[in-house]
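Contents: one structure, followed by commentary.
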Amino acid sequence: MPECLCSLGRYKDAVACYQAVKPLTMFHDVCGLALSLFMAGQLKDSYQAYEQAFQLADTDADRSCVSNRHGHGWDTH
Numbered sequence: 657m658p659e660c661l662c663s664l665g666r667y668k669d670a671v672a673c674y675q676a677v678k679p680l681t682m683f684h685d686v687c688g689l690a691l692s693l694f695m696a697g698q699l700k701d702s703y704q705a706y707e708q709a710f711q712l713a714d715t716d717a718d719r720s721c722v723s724n725r726h727g728h729g730w731d732t733h
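Mind the numbering: the sequence shown is residues 657 to 733 in the numbering used here, read in order.
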């Protein structure tokens, strides 16, 4: 559901949905939260969420993806 909200441009609603998940410990969900926060203009919180996602990443590919978004232009595609 939060992914749909984000794709519709309803970033603050997506953030609220992600934050309602307790505990938020799944890599994909934390990445979704980080992107939603970024798109909602909450850059500091987004940065922290990407840091958490990096810690949760199981593979080098996932860590690379997080590092890319976290530090290089925030490409959303």
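Even for Gly, the Cβ is constructed at its ideal location relative to N, Cα and C.
Which of the three DSSP states is assigned to residue i in this structure?
i	result
Q708	helix
V671	helix
K700	helix
V722	helix
A713	coil
For residue i, does the count of other Cβ atoms within 10 angstroms reach 16, so buried, or fall short, so exposed?
i	result
D731	Confidence at D731 is low in this model, with a pLDDT of 46, below 50, so the placement of that residue is unreliable and no value is reported for it.
M682	exposed
A676	exposed
A709	buried
Do residue j and residue i come within 8 Å of each other at the CB atom, strictly closer than that value?
i	j	result
G688	P658	yes
A604	C662	Not covered by the structure: residue 604. The range shown for the chain is 657 to 733.
L693	D701	yes
Y706	R725	yes
M695	Y667	yes
If you follow the alpha helix (DSSP H) that residue i is part of, which residue opens it and which one closes it?
i	result
A690	683 to 695
L734	The displayed coordinates of the chain run from 657 to 733. Any statement about residue 734 would go beyond what the structure contains.
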